[in-house]
Amino acid sequence: MNYPLQALRTFVEVGQRKSVKAAAQALHVTPGAVSQQIRVLEDRLGVVLLERERLGMRLTEAGASVHPRLREAFLQIDQAMHALERSKGRRCLTVSTVATFAASWLVPRLGRFKQLHPDIEIRVEATSELVDLQRDRVDIALRHGLGDYPGLEVTCLMAPVLTPVASPEFLKTCRGAVINEAGDCLDYPLLHDGDRADWPLWLKAHGVADDARAQRGSAFEDDFLLIRAAEAGQGLALVPRWCRKRMPRKKSRQADSFRCWTNPGLQDLPTTP
Numbered sequence: 001m002n003y004p005l006q007a008l009r010t011f012v013e014v015g016q017r018k019s020v021k022a023a024a025q026a027l028h029v030t031p032g033a034v035s036q037q038i039r040v041l042e043d044r045l046g047v048v049l050l051e052r053e054r055l056g057m058r059l060t061e062a063g064a065s066v067h068p069r070l071r072e073a074f075l076q077i078d079q080a081m082h083a084l085e086r087s088k089g090r091r092c093l094t095v096s097t098v099a100t101f102a103a104s105w106l107v108p109r110l111g112r113f114k115q116l117h118p119d120i121e122i123r124v125e126a127t128s129e130l131v132d133l134q135r136d137r138v139d140i141a142l143r144h145g146l147g148d149y150p151g152l153e154v155t156c157l158m159a160p161v162l163t164p165v166a167s168p169e170f171l172k173t174c175r176g177a178v179i180n181e182a183g184d185c186l187d188y189p190l191l192h193d194g195d196r197a198d199w200p201l202w203l204k205a206h207g208v209a210d211d212a213r214a215q216r217g218s219a220f221e222d223d224f225l226l227i228r229a230a231e232a233g234q235g236l237a238l239v240p241r242w243c244r245k246r247m248p249r250k251k252s253r254q255a256d257s258f259r260c261w262t263n264p265g266l267q268d269l270p271t272t273p
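Each residue of the sequence shown is one higher than the last, beginning at 1 in the UniProt record's numbering.
Set out below in structure tokens:
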């Protein structure tokens, strides 16, 4: 019996990631296309494989009974193709990282890497999702975090120095705003990264006690969106130095439009104590 391989692969991704959106990003398709493939497979088999719950998707009993073996089968296919590529003499380094870090730090340095290693092809994947290095055929994943990734070899590349910044529009709405110490930032709307970790860590590094206000405010999964929200005057954001240095210098998006009205000493500590 011929089974729809694309639908099976889609089912494996959704079951693994527990999210239609995350599976769509991994497969480079739309969430609608993922849902359609799942419907095709369930209609073909006559069973429900996935159920929606409040925080995402979960495998049904039928889905859980076949998912591990299907995942292993596709993993073997990927490994076989990878081995075939290596046998042809191609050397490819696949790097996964978030789009802002790729654009602001990684890509400008790839030219020098190619000069030093002209025989290695480079493939950069931009995603904010955590990847399975083996399943997704990724050699190196660059992520902003605390390095708590069980089962993986982790190397700290840098401790990003984050600076609190705001747009001129935001400053106008906060007349007389003065930030002399880190705790003063809590008096203003804060803009967060997806996991809301940066502000609490930054404040802790500056000696500020835990405060519920550090978790309040809008959050953005993509750093580009976080930066655009700050540019639009929606609040105070923490921006890495490497990101500020390479921001577009268009009239409407100048790096200079981000003003830091804090004590300069607040800019010199990384996010980790």
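Backbone N, C-alpha and C fix where the C-beta goes; we use that ideal spot for every residue, glycine too.
Nearest-angstrom Cβ-Cβ length linking residue i and residue j, presumed shorter than 8 Å
i	j	result
HIS67	VAL124	No, HIS67 and VAL124 are not in contact; Cβ-Cβ is about 30 Å, not under 8 Å.
LEU157	ASP198	That belief does not hold up - the Cβ atoms of LEU157 and ASP198 are roughly 17 Å apart, past 8 Å.
GLY233	THR173	7 Å
LEU186	ASP210	With 8 Å as the limit, LEU186 and ASP210 do not qualify as a contact, their Cβ atoms being about 11 Å apart.
ILE122	VAL154	With a Cβ gap of about 21 Å, ILE122 and VAL154 do not count as contacting.
VAL20	LEU27	Their Cβ separation, rounded to whole angstroms, is 10 Å, which puts VAL20 and LEU27 out of contact at 8 Å.
PHE220	ASP195	Contact flag wrong, Cβ pair sits at about 11 Å.
LYS18	MET57	5 Å
ARG135	ASP78	7 Å
ILE131	ASP223	At residue 131 the sequence reads Val, which differs from the Ile that was named. About 17 Å; that fails the 8 Å criterion.
Secondary structure of residue i, DSSP reduced to three states
i	result
HIS192	strand
PRO163	This sequence places Thr at residue 163; Pro is not what is there. DSSP places THR163 in strand when its eight states are reduced to three.
LEU106	helix
ARG91	strand
ALA237	strand
ARG69	helix
ALA212	helix
THR173	helix
GLY207	coil
LEU226	helix
ARG253	Any reading at ARG253 must be qualified, since the residue scores a pLDDT of 34, below 50, and its modelled position is unreliable; the value itself is stated next. Three-state DSSP puts ARG253 in a strand.
PRO200	helix
GLU153	coil
ARG246	Unreliable placement is indicated for ARG246, whose pLDDT of 47 sits below 50; no coordinate value is reported for it.
LEU133	coil
ASP148	coil
MET81	helix
ALA232	coil
Per DSSP, cross-strand counterpart(s) of residue i
i	result
PHE220	ASP193
ARG143	Per DSSP, none; premise fails for ARG143.
ALA126	THR97
GLU121	CYS92
Residue i vs residue j beta-carbon contact at 8 Å
i	j	result
GLU129	ALA22	yes
LEU189	LEU226	Per the sequence shown, residue 189 should be read as Pro rather than Leu. Cβ distance not < 8 Å, so PRO189 and LEU226 don't count as in contact.
PRO4	ARG44	yes
LEU41	LEU49	yes
GLY15	LEU59	yes
ALA182	LEU203	yes
HIS82	ARG137	yes
ALA230	ALA166	yes
THR127	GLN25	yes
ASP119	ARG143	no
LEU84	ASP139	no
PRO150	PRO240	no
LEU191	SER218	yes
GLN6	GLN37	yes
Residue i: CB within 7 Å of a non-hydrogen atom of the ligand ZN
i	result
ILE122	Among the ligands in the structure shown, none appear at all, so the ligand ZN cannot be discussed.
- Task: List in chain order: all unbroken beta strand (DSSP E) runs of 3+ residues lying wholly within the UniProt domain "HTH lysR-type" (1-60).
- Result: 50-53, 56-59
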